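Residue numbers (the working numbering): 52 to 179.
Note that CB positions come from ideal geometry on N, CA and C, so glycine has one too.
These figures come from a predicted structure and were not determined experimentally.
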């Protein structure tokens, strides 16, 4: 019987931004931030700057124990972790206006609950 345990280095998912300044810069740069977790009891000028920015942009925040942040990322998080969107979203009206400005007729396909990539591919090919 093999009693050797393999140790895997924990890596943060690609949609996490950790640290006070990185989160502030991500928000200011217009990245789609879904939610920010903040260590309970965090304080300081930079924290207050972040909190004001999050409130101004209506980004949901949640205060959590530091252990929660440690479990999410191996990086130095400075008490702040933001979940960013894996998919950049665009306002539908903006897309339609761009298409109309090019003199083209917009085609919008709305899908809900499609889980099979082959079905998605078939729908996209049919729409094209």
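Taking C-alpha atoms, which residue in 179, 126 and 112 lies nearest to residue 86? 112
Report the rounded CA-to-CA distance for residue 156 versus residue 144, giving the unit in angstroms. 14 Å
Using three-state DSSP, classify residue 59 as helix, strand or coil. Unreliable placement is indicated for residue 59, whose pLDDT of 40 sits below 50; the coordinate value is still reported in the next sentence. DSSP places residue 59 in coil when its eight states are reduced to three.
Rounded to a whole number of angstroms, what is the C-alpha to C-alpha distance between residue 80 and residue 72? 12 Å
Could you check what DSSP says for residue 155 in three-state terms: helix, strand or coil? coil
Per-residue burial, residue 174 [other beta carbons within 10 Å of its own, 16 or more giving buried]: exposed
Measure the CB-CB distance between residue 70 and residue 129 and report whether it falls below 7 Å. yes
Please name the residue in 121, 131, 118 and 66 whose C-alpha comes closest to that of residue 97. 131
Return yes when the Cβ of residue 124 is within less than 7 Å of the Cβ of residue 66, no when it is not. no
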